[in-house]
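*Asks:* Protein sequences, first through last, are from chains A and B.
The first sequence: position 684 = 743 (our numbering), numbered continuously.
The second sequence: position 9 = 48 (our numbering), numbered continuously.
One structure follows; several queries about it will come next.
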Amino acid sequence: MKTTADRIDPVAINGIGTSPLRKEDWPLVRGEGTFIADFKRPGLVHAFVVRSPLAHAQFPSIDCTATLAAPGVLDVITANELPDRGRPIPTRQFADEGSNRFLQRPLADGVVRYSGEPVAVVIADSRYRAEDAAELLDIDYERLDVVLDPDDAVAANAPLLRPDAGTNVAGHLLVEMGAIDEAFAEADLVIKETFRIQRHAAVPLETRGLLAEYDAETESITVWGAAKIPHVNRTILARLLGWSDESRVRLVELHVGGGFGARGEFYPEDFLIPFAAIRTGRPVAWVEDREENLRATNHSREQVHRVEMALKKDGTFLALKDSFINNTGAYVRTHGMTVPALSVSMLPGPYKWPAYRGEFRSVVTNKTPGGTYRSPGRFEINFVRERLIDIAAHRLGLDPVDIRRRNLIDRTSFPHDLGTLYDGHPVIYDSGDYELLLDKALPAFDYEGLERWRSEPAAGGIRRGLGIGFFVEKAGPAEREYARVELNDKGDVMVYTGAASVGQGVETVLAQICVSHLGLPYERVRVIHGDTALIPEGMGAFGSRATMLGGAAVMRASKQLRKRLLDAAAEELEAAPADLMLSPEGVSVVGAPARSVSLKTLLSTSAGVIIEEHRFVCDLLGFPYGIHVAAVEVDTASGAIRIHRYAVAYDIGRCVNPVLVAGQISGGFAQGIGGALLEEFSFDANGQPMSASFMDYLLPTSEEVPDLEVLITEDAPSPLNPLGVKGAGEGGTAGVGAAIANAVSDALGSEVTRLPLSPQRVVELAGE
Amino acid sequence: MKINGRAVEGEVEPRLLLADFIRDNAGLTGTHLGCEHGVCGACTVQLDGHPVRSCLIFAVQAHGHQVATVEGMAPSDSSLNTLQQAFHECHALQCGFCTPGILMTMDAFLREEPDPTPERIRSALGGNLCRCTGYQNIITAVRLAADRLNC
Ligand code: FES
Ligand code: FES
Numbered sequence: 060m061k062t063t064a065d066r067i068d069p070v071a072i073n074g075i076g077t078s079p080l081r082k083e084d085w086p087l088v089r090g091e092g093t094f095i096a097d098f099k100r101p102g103l104v105h106a107f108v109v110r111s112p113l114a115h116a117q118f119p120s121i122d123c124t125a126t127l128a129a130p131g132v133l134d135v136i137t138a139n140e141l142p143d144r145g146r147p148i149p150t151r152q153f154a155d156e157g158s159n160r161f162l163q164r165p166l167a168d169g170v171v172r173y174s175g176e177p178v179a180v181v182i183a184d185s186r187y188r189a190e191d192a193a194e195l196l197d198i199d200y201e202r203l204d205v206v207l208d209p210d211d212a213v214a215a216n217a218p219l220l221r222p223d224a225g226t227n228v229a230g231h232l233l234v235e236m237g238a239i240d241e242a243f244a245e246a247d248l249v250i251k252e253t254f255r256i257q258r259h260a261a262v263p264l265e266t267r268g269l270l271a272e273y274d275a276e277t278e279s280i281t282v283w284g285a286a287k288i289p290h291v292n293r294t295i296l297a298r299l300l301g302w303s304d305e306s307r308v309r310l311v312e313l314h315v316g317g318g319f320g321a322r323g324e325f326y327p328e329d330f331l332i333p334f335a336a337i338r339t340g341r342p343v344a345w346v347e348d349r350e351e352n353l354r355a356t357n358h359s360r361e362q363v364h365r366v367e368m369a370l371k372k373d374g375t376f377l378a379l380k381d382s383f384i385n386n387t388g389a390y391v392r393t394h395g396m397t398v399p400a401l402s403v404s405m406l407p408g409p410y411k412w413p414a415y416r417g418e419f420r421s422v423v424t425n426k427t428p429g430g431t432y433r434s435p436g437r438f439e440i441n442f443v444r445e446r447l448i449d450i451a452a453h454r455l456g457l458d459p460v461d462i463r464r465r466n467l468i469d470r471t472s473f474p475h476d477l478g479t480l481y482d483g484h485p486v487i488y489d490s491g492d493y494e495l496l497l498d499k500a501l502p503a504f505d506y507e508g509l510e511r512w513r514s515e516p517a518a519g520g521i522r523r524g525l526g527i528g529f530f531v532e533k534a535g536p537a538e539r540e541y542a543r544v545e546l547n548d549k550g551d552v553m554v555y556t557g558a559a560s561v562g563q564g565v566e567t568v569l570a571q572i573c574v575s576h577l578g579l580p581y582e583r584v585r586v587i588h589g590d591t592a593l594i595p596e597g598m599g600a601f602g603s604r605a606t607m608l609g610g611a612a613v614m615r616a617s618k619q620l621r622k623r624l625l626d627a628a629a630e631e632l633e634a635a636p637a638d639l640m641l642s643p644e645g646v647s648v649v650g651a652p653a654r655s656v657s658l659k660t661l662l663s664t665s666a667g668v669i670i671e672e673h674r675f676v677c678d679l680l681g682f683p684y685g686i687h688v689a690a691v692e693v694d695t696a697s698g699a700i701r702i703h704r705y706a707v708a709y710d711i712g713r714c715v716n717p718v719l720v721a722g723q724i725s726g727g728f729a730q731g732i733g734g735a736l737l738e739e740f741s742f743d744a745n746g747q748p749m750s751a752s753f754m755d756y757l758l759p760t761s762e763e764v765p766d767l768e769v770l771i772t773e774d775a776p777s778p779l780n781p782l783g784v785k786g787a788g789e790g791g792t793a794g795v796g797a798a799i800a801n802a803v804s805d806a807l808g809s810e811v812t813r814l815p816l817s818p819q820r821v822v823e824l825a826g827e
Numbered sequence: 040m041k042i043n044g045r046a047v048e049g050e051v052e053p054r055l056l057l058a059d060f061i062r063d064n065a066g067l068t069g070t071h072l073g074c075e076h077g078v079c080g081a082c083t084v085q086l087d088g089h090p091v092r093s094c095l096i097f098a099v100q101a102h103g104h105q106v107a108t109v110e111g112m113a114p115s116d117s118s119l120n121t122l123q124q125a126f127h128e129c130h131a132l133q134c135g136f137c138t139p140g141i142l143m144t145m146d147a148f149l150r151e152e153p154d155p156t157p158e159r160i161r162s163a164l165g166g167n168l169c170r171c172t173g174y175q176n177i178i179t180a181v182r183l184a185a186d187r188l189n190c
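Laid out in structure tokens, this is it:
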């Protein structure tokens, strides 16, 4: 067949497994993106959210008289103005009676429980004037005792955030499998240790923002600036407004400057700004400043683990026991219980444990409420488990790689049921070959060479160390995703998806999947997302799910469309569908290009367009897995850690776009470096945030993030979706705390038990 | 002042930041604000060819000067300049929020140092935060642009 020789195959050049240039880039590099602060509506007015200056206080009332009289002010909203004085914002997962007592309402009503909690909203014709007028609010705060530390929160005489609840424990979960006491009784060695992970957070470079506009005629509201889960938030907003018909609410996503778990959850402002627009009848804009962002947007990761591990002399794992406290901050937000639940259900990692017992208490304290951050609950437990294993290896005189290898789950035992549950979903590792990844990663990263490097003498005061972290990640689910693929008679393809973009490249990836299964060129495919008026349903972008579920839906819809089109053409051309070729012009017979039919003719009976939809359903999770290797030099005098080499191996089942996946891993790795070395929200004894600017909250810069070596493998495709993909967004972050801490412990010969490894802490460790 | 060669006039309060003048008065929203306290570099523009943080200077200080923003980089509506193109090809951006400030910083840097080593690029980039990429691809892109500009 020579006919295709002059035709470039779009699937081969831009389909799955290739790395076409991103569809998203063009406006962004030209400065033509539309982020929320760039978006305006006629008649726009501005909201300023007045926040509590104290971490715990009561206030009998708010006097708004002076504020209302200030120039430019249109409205002031306090709890008095809200329906039911503000309805609680529900959790998205793990709803239970216990944690429901600690939900946040849009505005504080008589008591503030963290510094930064919204107490009122001032609407004025400019942000400056709103801010000036807010100064005139008269609020008499009466201080209450604060509780900040998770251990203190469960102490017998702890100040209570909710005296009516009688406890600061908002959630509790126990998982148990195997004969735990017997396992400990027969152990040759038991290791007991306490590990602490510091409070840090997603901190996208663009702060949050919203613009809401009410149309009195249709009694409907449009909110721009949505992210992550527009459809889910539409439902929550309608419910909080007391509207039974959620089609009156439209949420629209603009360009989004990074999400990483935090942006796009339903926050108090997600109610307050639309509510202000309804009250004033004017479009209302609100853009968070950085100080607000660091005080108000979800924090994450603060946990204290008390763990015990039982082993045989030869290094065989017998049992693992963990009891930890998760500090969820002042309220249970949408993901309040998600993080500790992920920790407890995934602590076992890639290893065989005859017995496991994990338990957490999630406590409220007078700090910013918490939620998810890239690799939520897993960054923490990977640090705990992988550190514990190294401590065991040191005690037994075993090699850290050997002890891991000996205990890895065998390749023959997949799907592997861990026996734990995640929000009702059983944690069943869908597929894997952990040992194979180890066999590939070690030579790829020249691990032997690194071992030699480690034992060579370094300059005075410098010590070298090598560390490894093995982990299992999770991807999905949120049960289902929607796609609609439309082809018009000019050969243009529109893909509508219920997945969302947070800057990760979802348009590019979904277009590639469409190209592979429809067979039309990448350039002709447009991907539309993030508008609840254009897309009937969707679960958004979180937990590395967009490609896994969104991609599978696009694949199916594209295939259906291709089939329908070729079947119709086959009839027209009196040829078998298998002998046909689709192009933007039409369909022709392979080897006989003259026998063709145009799209115009084919689509003439359907108004020039053909549409296919698919809802992909999958309520199980996918489990990618990976290995981090860190080689570090530690300066014992200054406490500085220099990363000599860092490498990540990640099996993601199937890789749609290698360049984008590597980009996800590199970006995630940089965030992991922040978590391992730099980032920490600290508070003074009164609960005042000490890290409310980028001067005090240190994000990693190019000087702290070294080059990264990446090995992406596709040895264990997921059986749960037709693409075999597992999602790749979080593995770059997941193992950084583990690998760096292991490397530093190796260098110093003393065991790291808490993060971050600030220079001061490193100097202390070096002195031990 | 002149922004991207075009005269922009305005009567403004002394407290108005250059960033706000560029975004609100001139309507050029490609210059982003990530912190408003001089750390993130997202608001970087060029003042008479030198990179400055537009959140740290007042609009009145730019009176009579030449300001360059990201919108002025591309030679036409249908093309990108060498540095922008290199960012596109090297996947040097994800969400793109930091990108305008980084482009303005690196554009000025390459004029000063047309043939930098990756280490030099890394340190020149040290004042611009990016939360998405991990910086590596940005360094590669700047090096690629240098190669292309030098031949
Ligand atoms: S906004 Fe100017 S440096 Fe961050
Ligand atoms: S690309 Fe998102 S902050 Fe740099």
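Virtual Cβ for every residue (Gly too), placed ideally from N, Cα, C.
Fair warning: this is a prediction, and the values are worked out from it, not measured in the lab.
According to DSSP, simplified to helix, strand and coil, what is asparagine 547 (chain A)?
*Replies:* Note: asparagine 547 (chain A) maps to strand in three-state DSSP.
*Asks:* Compare the C-beta of proline 428 (chain A) against all C-beta atoms of chain B and say whether one is closer than 8 angstroms.
*Replies:* Chain B, which has no Cβ nearer than 8 angstroms to the Cβ of proline 428 (chain A), makes this no.
*Asks:* Note down, in chain order, each residue of its chain lying with its Cβ closer than 7 angstroms to the Cβ of phenylalanine 798 (chain A), except the 5 sequence neighbours on either side.
*Replies:* Note on residue identity: the sequence assigns alanine, not phenylalanine, to residue 798 (chain A). Excluding residues within five positions, the ones whose Cβ falls inside 7 angstroms are Gly526, Ile527, Gly528, His687, Val688 and Ala689.
*Asks:* Identify the contact partners of asparagine 176 (chain B) in chain A, using a Cβ-Cβ distance below 9 angstroms as the criterion.
*Replies:* What asparagine 176 (chain B) touches in chain A: Val718, Ala721, Gly722 and Ser725.
*Asks:* Would glycine 491 (chain A) and phenylalanine 504 (chain A) qualify as a contact pair, given that the criterion is a beta-carbon distance under 8 angstroms?
*Replies:* Not closer than 8 angstroms, so no.
*Asks:* Of all the CB atoms in chain A, is at least one closer than 8 angstroms to the CB of histidine 104 (chain B)?
*Replies:* No, its Cβ sits nowhere closer than 8 angstroms to a Cβ of chain A.
*Asks:* Tell me, please, which residues DSSP counts as bridged to aspartate 212 (chain B).
*Replies:* Look at the range of chain B in this structure, 40 to 190, and you will see that residue 212 (chain B) is not part of it.
*Asks:* How big is the Cα-Cα spacing for cysteine 190 (chain B) and alanine 699 (chain A)?
*Replies:* Using only the alpha carbons, I get a separation of about 40 angstroms.
*Asks:* For a cutoff of 8 angstroms on Cβ pairs, would you count isoleucine 42 (chain B) as touching chain A?
*Replies:* Taking Cβ atoms only, chain A never reaches closer than 8 angstroms to isoleucine 42 (chain B), which makes this a no.
*Asks:* How about phenylalanine 438 (chain A) and threonine 124 (chain A): are their beta carbons less than 8 angstroms apart?
*Replies:* In this structure, threonine 124 (chain A) does not lie closer than 8 angstroms to phenylalanine 438 (chain A) by Cβ.
*Asks:* Which class does lysine 659 (chain A) belong to by DSSP, given the choice of helix, strand or coil?
*Replies:* Lysine 659 (chain A): helix per DSSP, three-state reduction.
*Asks:* At a CB distance below 9 angstroms, what residues from the segment 85 to 98 of chain A approach chain B? Give them in sequence order.
*Replies:* Per Cβ criterion, the list reads Trp85, Pro86, Leu87, Val88, Arg89, Gly90, Glu91, Gly92, Thr93, Phe94, Ala96, Asp97 and Phe98.
*Asks:* What does the alpha-carbon distance come out to for the pair alanine 721 (chain A) and proline 112 (chain A)?
*Replies:* Cα to Cα, the separation comes out at about 42 angstroms.
*Asks:* For arginine 511 (chain A) versus glycine 524 (chain A), is the C-beta distance shorter than 8 angstroms?
*Replies:* Their beta carbons are not under 8 angstroms apart, which means arginine 511 (chain A) does not touch glycine 524 (chain A) by this criterion.
*Asks:* Rounding to the nearest angstrom, what Cα-Cα distance links arginine 604 (chain A) and arginine 45 (chain B) in this structure?
*Replies:* Rounded to the nearest angstrom, the two C-alpha atoms are 46 angstroms apart.
*Asks:* Kindly confirm or deny that the segment 362 to 369 of chain A and the segment 388 to 397 of chain A touch, where touching means at least three C-beta pairs closer than 8 angstroms.
*Replies:* Result no; under three Cβ-Cβ pairs closer than 8 angstroms.
*Asks:* Give a single yes or no on whether arginine 92 (chain B) has its beta carbon closer than 7 angstroms to a heavy atom of ligand 1.
*Replies:* Yes, ligand 1 has a heavy atom inside 7 angstroms of this Cβ.
*Asks:* Rounding to the nearest angstrom, what Cα-Cα distance links alanine 775 (chain A) and proline 413 (chain A) in this structure?
*Replies:* If I take the Cα positions, the gap works out to 24 angstroms.
*Asks:* Sort A:Ala261, A:Ser725, A:Gly320 and A:Arg543 by Cα distance to serine 617 (chain A) and report the nearest one.
*Replies:* Measuring from the Cα of serine 617 (chain A), the nearest candidate turns out to be A:Arg543.
*Asks:* Identify, in the order they occur along the chain, each residue of the same chain with its Cβ nearer than 8 angstroms to the Cβ of phenylalanine 97 (chain B), setting aside the five sequence neighbours on each side.
*Replies:* Around phenylalanine 97 (chain B): Pro53, Arg54, Leu55, Leu56 and Leu57.
*Asks:* Answer yes or no: does any C-beta atom of chain A fall closer than 8 angstroms to that of proline 139 (chain B)?
*Replies:* Chain A, which has a Cβ nearer than 8 angstroms to the Cβ of proline 139 (chain B), makes this yes.
*Asks:* Does any heavy atom of ligand 1 sit closer than 7 angstroms to the C-beta of leucine 86 (chain B)?
*Replies:* No, the beta carbon of leucine 86 (chain B) sits no closer than 7 angstroms to any heavy atom of ligand 1.
*Asks:* Listing by chain order, which chain A residues have their CB less than 8 angstroms from the CB of glutamine 100 (chain B)?
*Replies:* Within chain A, no residue comes near glutamine 100 (chain B); the closest Cβ sits about 19 angstroms away, beyond 8 angstroms.
*Asks:* State yes or no: is the C-beta of glutamine 175 (chain B) nearer than 7 angstroms to some heavy atom of ligand 2?
*Replies:* Glutamine 175 (chain B) Cβ: outside cutoff for every heavy atom of ligand 2.
*Asks:* With a CB to CB cut of under 8 angstroms and the five nearest residues on each side skipped, what residues in its chain are close to leucine 183 (chain B)?
*Replies:* Excluding positions up to five away in sequence, the list reads Ala125, Glu128 and Cys129.
*Asks:* Buried or exposed: where does serine 647 (chain A) fall if 16 or more other Cβ atoms within 10 Å of its Cβ makes it buried?
*Replies:* Classification of serine 647 (chain A): buried, given that the 10 Å Cβ count is 16 or more.
*Asks:* Please confirm if the segment 329 to 349 of chain A is in contact with the segment 255 to 269 of chain A, defined as three or more CB-CB distances below 8 angstroms between the two stretches.
*Replies:* Flag = yes, the segment 329 to 349 of chain A and the segment 255 to 269 of chain A touch.
*Asks:* With a floor of 4 residues, list each alpha helix (DSSP H) that falls wholly inside the segment 344 to 383 of chain A, ordered by position along the chain.
*Replies:* Those alpha helix (DSSP H) runs which fall completely within the segment 344 to 383 of chain A and span 4+ residues are 349 to 355.
*Asks:* Determine the DSSP secondary structure at phenylalanine 675 (chain A), reduced to helix, strand or coil.
*Replies:* Looking at phenylalanine 675 (chain A) - three-state DSSP - the assignment turns out to be strand.
*Asks:* Can you grab the Cα-Cα spacing for the pair alanine 534 (chain A) / glutamate 235 (chain A), in whole Å?
*Replies:* The alpha-carbon atoms of alanine 534 (chain A) and glutamate 235 (chain A) are separated by roughly 23 angstroms.
*Asks:* Could you have a look at serine 647 (chain A) and say whether DSSP puts it in helix, strand or coil?
*Replies:* Three-state DSSP puts serine 647 (chain A) in a strand.
*Asks:* Could you tell me whether any Cβ in chain C is nearer than 8 angstroms to the Cβ of glycine 49 (chain B)?
*Replies:* Protein chains in the displayed structure are A and B, and chain C is not among them.
*Asks:* Reducing DSSP to helix, strand and coil, say where isoleucine 256 (chain A) ends up.
*Replies:* In this structure, isoleucine 256 (chain A) counts as strand in the three-state DSSP scheme.
*Asks:* Look at arginine 420 (chain A) and isoleucine 384 (chain A) and say whether their C-beta atoms are less than 8 angstroms apart.
*Replies:* Yes, the Cβ-Cβ distance between arginine 420 (chain A) and isoleucine 384 (chain A) is below 8 angstroms.
*Asks:* Which residues in chain B sit within 9 angstroms of glutamine 563 (chain A), going by Cβ to Cβ distance?
*Replies:* In chain order: Gln133, Cys134 and Cys171.
*Asks:* Considering only residues of the same chain and omitting the five flanking positions on each side of asparagine 352 (chain A), which have a CB-CB separation below 6 angstroms?
*Replies:* Excluding residues within five positions, the ones whose Cβ falls inside 6 angstroms are Thr266.
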